[in-house]
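Number of protein chains: 2
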Amino acid sequence: MSAAPREAKSVRTRRRILDAAAEVFSEQGYGARLSDIAERAGMKTGSLYYHFDSREDLVAEVLRLGIEGAWDQVAAAVGRLPSTATPMERLAAAIRAHTLSIVGRSAYATAQARIVGSLPGELARAHRKDQRAYGDSWRDLFGAAQRAGDIDGEIDVFVAQMLAFGAMNWTSEWFRDGLGTTPEQLADQAVLVFFHGLSAR
Amino acid sequence: MSAAPREAKSVRTRRRILDAAAEVFSEQGYGARLSDIAERAGMKTGSLYYHFDSREDLVAEVLRLGIEGAWDQVAAAVGRLPSTATPMERLAAAIRAHTLSIVGRSAYATAQARIVGSLPGELARAHRKDQRAYGDSWRDLFGAAQRAGDIDGEIDVFVAQMLAFGAMNWTSEWFRDGLGTTPEQLADQAVLVFFHGLSAR
DNA sequence: GTCTATATGACGATAGAC
DNA sequence: GTCTATCGTCATATAGAC
């Protein structure tokens, strides 16, 4: 009947499990139990294994989707800028978008930021390729700004990039709604701090 | 015989276990096993329980000493400044000292920064009082700089403080010796970024 | 104080009924 | 596809010898 074929039910169930996992990991960190994830997905622990071979597989997929989701938002935000945008304007859009993706726009991105620091060696290695690709995209953004002469000569852009990642990812640990600051204000503050620093001017 | 009484042997052993735990946690994160800690301390797993009631007790003590160690270094660095130092100079010294304490000067501080984000609810709550006290000291540093008019009016100092903590603590995840950057250079970069931002000036 | 040996419990993972 | 039931493993924790 339905002319447009809907995605297979198993695909949707798999997605439901991943959604649940992303939420639970973003709340409890890497140590979260499969039973909690199963419960949130509305099934029993054993049933998860029809869709995933192991806990590691599930974690790996959440991580991958987390980086993918963050990158989708960053790329979209940068892409929305007019072609006349300067490298620094593009970098600002990226910082805003990444921060917003961590602070609640995507459970996957939040989960990724929250647990990436607690991964055991095996998973960390497997995740490194995706991390590197994402980091390289950022390096391009920083590099373009640097070549345009918009970044101060004293700044080590690699170090600056890692400091920025730390500041943004760490928001998953402390930022909560109802703290008197909105996600948008937080994102603006991040841009402000990284572009001009704290000092009065 | 020995006129100056040395500290009891049990105290030294306890310290040896804590040192081992701090190192192992800083390398492997919160998921590290007691057996690894025991091995590094030169004993068997069961023997740890003569000195600590539980894994949680051991973790809690490492966390406490981690904050204490960081604060010792920060307070000492700030205290070394001449009394004529400005609030911003004091804040700079604090950022330098905290960053250095994370990047290898104290295994406890490194371990604390590395695992504080992965703590299960129980331990996280227990640790909160120490965190708050440390955060309050930083709030004083920021507050003094703000009242002196040295911090830009657009900056939300609470948000800025949390961004700074994130950037500094995250260095425990990526900074390694032999990366072409020394700990001192890293600390200087942190000050540079947070004081003046990336922008050319 | 530290050892060996073992108890305990949790959680990931599997098997088979439905 | 999901369930119930269970297995196997591993890490924390305890007991008792030395």
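The listed protein sequences correspond, in order, to chains A and B. Just so you know, we're using my numbering here: the first sequence kicks off at 3 and counts up by one. Just so you know, we're using my numbering here: the second sequence kicks off at 3 and counts up by one. Ideal Cβ positions, reconstructed from N, Cα and C, are used throughout, including at glycine. Predicted model only: the values in this text are computed from it and were never measured.
- Within the region 42-76 of chain A, contact with chain B at the beta-carbon level (separation under 8 Å) is assigned to no residue.
- A Cβ of chain B is located within less than 8 Å of the beta carbon of W176 (chain A).
- Only those residues of the region 75-106 of chain A whose C-beta falls short of 9 Å from the nearest C-beta of chain B are listed: M90 and L93.
- V105 (chain B) is not a Cβ neighbour of T15 (chain B), given a cutoff of 8 Å.
- By the C-beta criterion, the region 104-123 of chain B is judged to be in contact with the region 59-73 of chain B, since at least 3 inter-stretch pairs fall below 8 Å.
- Contacts between F27 (chain A) and chain B, judged by CB atoms closer than 9 Å, are missing: the closest CB pair is about 11 Å apart.
- A111 (chain B) does not reach chain A, its nearest Cβ partner there being about 15 Å away, counting only Cβ pairs nearer than 8 Å.
- For S201 (chain A), the closest Cβ of chain B is nearer than 8 Å.
- Taking C-beta atoms as the reference points, G123 (chain A) and G119 (chain B) fail to come closer than 8 Å.
- For D152 (chain B), same chain residues with a beta-carbon under 8 Å away, outside a window of 5 residues either side, are T88, P89 and M90 in chain order.
- By alpha-carbon distance to D21 (chain B), the top candidate from B:R130, B:I157, B:L67 and B:Y52 is B:L67.
- Three or more Cβ pairs closer than 8 Å define a contact, and the region 133-149 of chain B falls short of that threshold against the region 40-57 of chain B.
- In the displayed model, I157 (chain A) falls within coil according to three-state DSSP, outside both helix and strand.
- Straight-line measurement puts the Cα of E41 (chain B) at about 45 Å from the Cα of A96 (chain A).
- Across the set B:Q191, B:L200 and B:L194, the C-alpha of B:L200 shows the shortest separation from the C-alpha of V193 (chain A).
- The beta carbon of R18 (chain A) sits closer than 7 Å to the beta carbons of A43 from its chain, once the five residues preceding and following it are set aside; these are given in chain order.
- Taking the Cα positions, L36 (chain A) is about 16 Å away from L121 (chain A).
- The beta carbons of L165 (chain B) and A169 (chain A) sit closer together than 8 Å.
- For S120 (chain B), a Cβ of chain A is located within less than 8 Å of the residue's own Cβ.
- Between L83 (chain A) and R92 (chain A), the beta carbon gap of about 6 Å places them in contact (Cβ cut-off 8 Å).
- Partner residues in a beta bridge of S120 (chain A), as assigned by DSSP, do not exist.
- In the three-state reduction of the DSSP assignment, S201 (chain A) falls in the strand class.
- Note on geometry: alpha-carbon atoms of H198 (chain B) and I157 (chain B) lie some 13 Å from one another.
- If you ignore the 5 residues before and after V76 (chain A), its C-beta comes within less than 7 Å of the C-beta of A96, A99 and H100, all in its own chain and listed in chain order.
- In this structure, the CA atom of A79 (chain B) is about 17 Å from the CA atom of Q187 (chain B).
- Each residue's CA atom was taken as its position, placing D38 (chain B) and F27 (chain B) some 10 Å apart.
- Spanning the alpha carbons of D59 (chain B) and R149 (chain A) requires a straight line of approximately 52 Å.
- Residues of the region 156-176 of chain A with a Cβ closer than 9 Å to any Cβ of chain B, in chain order: E156, I157, D158, V159, F160, V161, A162, M164, L165, A166, F167, G168, A169, M170, N171, W172, T173, S174, E175 and W176.
- For E175 (chain B), the closest C-alpha among the options A:A115, A:G81, A:L65 and A:A24 is that of A:A115.
- Among the residues facing chain B, H129 (chain A) is not included, as its CB has no counterpart in that chain under 8 Å away.
- Under the three-state reduction of DSSP output, A6 (chain A) falls in the coil class, being neither helix nor strand.
- Chain A has no Cβ within less than 8 Å of the Cβ of T184 (chain B).
- Nearest C-alpha to G145 (chain B) among B:S56, B:D154 and B:V159: B:V159.
- V64 (chain A) places its beta carbon 8 Å or farther from that of F196 (chain B).
- Under the three-state reduction of DSSP output, M170 (chain A) falls in the helix class.
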